[in-house]
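**Q** Under this note's numbering, the first residue of the sequence shown carries the number 106, and numbering increases by one thereafter.
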Amino acid sequence: MENKEIKQNRYGIEYTKQGDYYMPNLVLEKEKIILNKYGRARLNYLKTNKKAEYMIMFTKGTLNKHLKEIQKTAQNRLDFMIDELVKKENITEELKEKNQLAWIAAMNSIKSIAEEIIYSELIYV
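This is how it looks when you write it as structure tokens:
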């Protein structure tokens with residue numbers, strides 16, 4: 106049986122010839138990450154809507170790095186946008202003490218707005 110390695114120029118994937126077939130030399134990423142909801146949402150979006158991009162990142166071993174970066178960026182942007190919107194809408198601790206339900210409603214609304222922006226700008230692109 107002849108074993109010969111070749112490299113495909115287009116994607117940079119190495120193959121080994123085994124008999125009449127070329128088998129890709131795929132190695133799973135060793136780094137394990139825990140995905141938050143943004144990482145899971147991005148992974149699901151890639152799997153269902155961007156299959157080619159997902160497969161390229163998976164075979165090159167860059168998928169975990171990409172997901173880790175997306176979830177870190179999304180969480181940082183969420184925190185920043187919530188802080189900015191709280192200041193803009195003048196939601197204070199005083200409101201929290203006086204009318205807890207109004208404060209919760211306002212904070213939930215702000216979080217929904219911020220998350221909608223994050224999903225449209227980072228996750229579903």
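For every residue, glycine included, the Cβ atom is placed at its ideal position computed from N, Cα and C.
Treat the numbers as computed from the prediction; the structure is a model and nothing was measured.
Should residue 157 go down as buried or exposed, given a rule of 16 or more other Cβ atoms within 10 Å for buried?
**A** Exposed is the call here.
**Q** Would you mind sorting residue 145 into buried or exposed? The rule is 16 or more other CB atoms within 10 Å of its CB.
**A** It counts as exposed.
**Q** Residue 158 CB to nearest chain C CB: under 8 Å?
**A** The chain inventory of the structure shown lacks chain C, comprising one protein chain alone.
**Q** Which of helix, strand or coil does DSSP assign to residue 122?
**A** The answer is strand: DSSP assigns residue 122 an E or B state.
**Q** For the alpha helix (DSSP H) containing residue 213, list its first residue and its last residue.
**A** First-last of the alpha helix (DSSP H) with residue 213: 205-223.
**Q** Determine the direct distance from the alpha carbon of residue 203 to that of residue 223, and round the result to whole angstroms.
**A** Taking the straight line from one Cα to the other gives about 31 Å.
**Q** So what does residue 127 bridge to, in DSSP terms?
**A** 122, per the DSSP bridge assignment.
**Q** Take residue 190 as the anchor and find which of 225, 212, 171, 153 has the nearest alpha-carbon.
**A** Measuring from the Cα of residue 190, the nearest candidate turns out to be 212.
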